[in-house]
Ligand SMILES: [Mg+2]
Ligand SMILES: [Mg+2]
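Quick look at the structure:
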């Protein structure tokens with residue numbers, strides 16, 4: 001299989017971790033007889049520094065022409081202290097999502113046995129948990145009309161969804177469930193919200209096309225509770241932009257470490273694959289960043305954009321093997337980790353390649 | 001101190017648990033030299049059966065004339081299967097909140113050492129956790145304009161807050177923090193929502209009046225994560241109606257059991273004190289309901305409505321003592337609980353009274 005991948009490393013540790021992600025993709029290509037070609041493009045702070053624009057037109061053009069995007073991170077501390085800055089690194093990420101029509105954010109929460117202890121949740125509640133979140137990205141209260149009235153003393157936002165927005169992500173969620181444990185949990189607040197009642201209606205309609213998938217509907221407050229009480233009850237979870245924002249962050253804590261979590265943003269064309277950790281400027285350039293989330297993002301790319309299930313599994317298994325061999329980056333090491341097993345970014349990459 | 005209390009037991013186990021709550025209040029009155037007088041009033045399904053109205057005018061009148069309300073539960077399974085029913089038990093609770101202007105829901109999450117094991121979260125993360133949530137009750141997306149447009153294919157809800165609504169609950173939260181560990185965490189989504197930016201502005205203004213209180217602002221997604229990662233970092237948490245709905249349910253799982261959680265709904269007059277567990281018709285009339293949440297609701301009443309701190313503490317200590325003595329109701333018993341320590345509602349009440 002021939003595929004063209006754009007690497008958009010972005011800011012901070014983005015450079016270091018995508019370098020390892022790319023090495024793993026190359027090894028997979030070699031081992032399974034594929035041909036992956038690469039291009040690079042700028043985004044975020046590095047793009048602002050080079051061009052004045054967090055999302056240069058060239059980056060959009062290269063992305064549209066590619067089969068998939070391996071994404072690093074955006075962000076720079078200098079903007080955090082200046083909320084008034086009009087040009088910001090994060091605009092690069094929002095802009096590329098919009099330019100590519102990426103309406104679904106996929107976040108798998110799969111726990112590696114070796115890291116079960118890292119969470120504040122008891123391992124016996126976590127063992128075997130394997131959840132795939134679908135968070136809607138283009139609608140909801142993030143994009144509805146907002147403003148002030150009554151001379152500024154009242155502020156409002158509009159939570160809004162249209163049928164087609166719900167339908168297209170529901171279809172993606174049910175399709176994914178068919179390849180997994182065939183369960184979909186749709187999360188809304190339909191006992192109160194009209195937008196949630198529409199959400200639930202459309203999900204129920206889509207569900208009829210997938211009679212083999214078991215569907216349940218949970219209210220967001222109950223879901224936030226059940227995610228801690230019994231994470232293993234969930235397979236695919238599909239929800240709106242706001243509730244998805246909340247639940248996926250909560251779920252990242254179930255996994256114990258942000259350093260291991262990958263995500264995919266997909267729509268009707270090129271998909272974008274990125275770790276959920278940010279640019280982490282405090283450790284940038286020190287060679288200690290955990291590359292496993294970028295590697296697992298590459299595995300998601302193989303699976304979702306290229307349909308290469310076996311190759312994706314090989315990557316996940318390699319991650320499992322290096323963890324079983326006791327290797328850790330600093331962020332996932334604990335007091336039981338021997339000093340010689342604590343690896344830097346590149347050394348962890350080499351252990352991974354040795355398992356592939 | 002002379003106080004007049006209306007007991008609104010309501011539906012299901014409400015009758016059984018408020019009976020114990022009242023016994024405890026009586027013992028406190030006796031022991032500390034107060035005079036508590038009582039009245040009773042109907043609400044919910046029992047009110048519908050007796051009068052056709054889930055909130056009879058007499059109930060409102062008695063409540064307004066009282067110093068505090070000891071509330072049980074509302075709800076009946078017969079309505080769950082009939083979503084079209086126009087007259088519903090829950091209307092009683094919403095109606096009385098409105099009639100009394102109860103705009104703040106207080107939910108303390110305090111873990112008894114003996115029950116630390118009941119949560120899915122590791123006890124070492126929970127020990128000492130003591131959080132008081134303030135959830136706004138009368139505004140937000142629950143009460144904004146909602147509807148459909150584009151021939152029903154688009155649905156919207158309006159998230160809305162006015163300054164006075166934020167200010168009055170912020171003041172309550174800061175006042176409470178002054179009597180506790182002097183920390184307030186305000187939760188919003190000010191990086192996206194205009195209503196959250198107003199929320200944050202007003203909380204920052206109120207904060208200036210309480211220079212001794214340490215304030216932090218968290219986004220709802222981060223808060224949902226931190227609540228699991230490090231529950232002990234929180235003292236008072238104040239947030240809007242929707243985010244409060246989500247966080248308090250999530251926090252109830254931290255506590256391991258709904259059967260132990262009390263809440264207070266307060267405004268500018270009579271406060272209402274209720275367990276967060278519902279009417280629990282599956283165990284109604286069996287004498288096995290856990291009365292401790294009603295007893296802890298009575299303790300909240302003593303503290304918040306009557307300012308009787310020492311008396312409130314005596315009740316909480318009595319609960320602690322019966323738990324330390326090994327007594328459990330069925331819902332909080334586990335495989336290590338000897339059969340003779342598993343008590344019914346009334347027997348648990350007697351053990352409590354023996355500790356007061
Ligand atoms: Mg988030
Ligand atoms: Mg709730």
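Protein chains in written order, with UniProt numbering: chain A, 1 to 356; chain B, 1 to 356. Beta carbons: idealized from backbone N, C-alpha and C, even for Gly. If you're wondering where the values come from, they're calculated on a predicted model, not measured in any experiment.
Where residue i sits in the DSSP three-state scheme
| i | result |
| --- | --- |
| residue 174(A) | helix |
| residue 70(A) | strand |
| residue 108(B) | strand |
| residue 277(B) | coil |
| residue 136(B) | strand |
| residue 213(A) | coil |
| residue 41(A) | coil |
| residue 78(A) | helix |
| residue 271(A) | strand |
| residue 282(A) | coil |
| residue 261(A) | coil |
| residue 120(B) | coil |
| residue 159(A) | strand |
| residue 345(B) | helix |
| residue 183(A) | strand |
| residue 164(B) | helix |
| residue 403(A) | The shown model of chain A, from 1 to 356, leaves out residue 403(A), and the question about it has no answer. |
| residue 103(A) | strand |
Chain A contact for residue i (CB, 8 Å cutoff)
| i | result |
| --- | --- |
| residue 147(B) | yes |
| residue 79(B) | no |
| residue 74(B) | no |
| residue 172(B) | no |
| residue 127(B) | no |
| residue 245(B) | yes |
| residue 274(B) | no |
Within-8 Å CB hit, residue i to chain C
| i | result |
| --- | --- |
| residue 153(B) | Judged by its chain identifiers, the structure shown contains no chain C, and its protein chains are A and B. |
Length of the line joining the Cα atoms of residue i and residue j
| i | j | result |
| --- | --- | --- |
| residue 290(B) | residue 136(B) | 27 Å |
| residue 197(B) | residue 185(B) | 15 Å |
| residue 254(A) | residue 126(A) | 8 Å |
| residue 192(A) | residue 147(B) | 12 Å |
| residue 164(B) | residue 144(B) | 16 Å |
| residue 311(A) | residue 303(A) | 8 Å |
| residue 293(A) | residue 276(A) | 8 Å |
| residue 23(B) | residue 231(A) | 40 Å |
| residue 328(B) | residue 325(A) | 45 Å |
| residue 199(B) | residue 222(A) | 25 Å |
| residue 116(B) | residue 110(B) | 10 Å |
| residue 180(B) | residue 215(B) | 13 Å |
| residue 48(A) | residue 72(A) | 16 Å |
| residue 129(A) | residue 174(B) | 40 Å |
| residue 67(B) | residue 259(B) | 26 Å |
| residue 58(B) | residue 209(B) | 40 Å |
| residue 92(A) | residue 265(A) | 14 Å |
| residue 152(B) | residue 205(B) | 41 Å |
| residue 299(B) | residue 25(B) | 8 Å |
Beta-carbon proximity of residue i to residue j, cut-off 8 Å
| i | j | result |
| --- | --- | --- |
| residue 224(B) | residue 250(B) | yes |
| residue 391(A) | residue 332(A) | Beyond the ends of chain A as shown, which are 1 and 356, falls residue 391(A); an answer cannot be given. |
| residue 64(B) | residue 100(B) | yes |
| residue 156(B) | residue 194(A) | yes |
| residue 274(A) | residue 297(A) | yes |
| residue 28(B) | residue 270(B) | no |
| residue 18(A) | residue 7(A) | yes |
| residue 188(B) | residue 160(B) | no |
| residue 248(B) | residue 133(B) | yes |
| residue 190(B) | residue 236(B) | no |
| residue 44(A) | residue 20(A) | no |
| residue 121(B) | residue 246(B) | no |
Cβ of residue i within 8 Å of any chain B Cβ
| i | result |
| --- | --- |
| residue 161(A) | yes |
| residue 333(A) | no |
| residue 158(A) | yes |
| residue 197(A) | yes |
| residue 216(A) | no |
| residue 204(A) | no |
| residue 120(A) | yes |
| residue 94(A) | no |
| residue 268(A) | no |
| residue 141(A) | yes |
- request: Please list, following the chain, all residues that have a C-beta closer than 5 Å to any non-hydrogen atom of ligand 1.
  value: Answer in sequence order: 245(A), 249(A) and 221(B).
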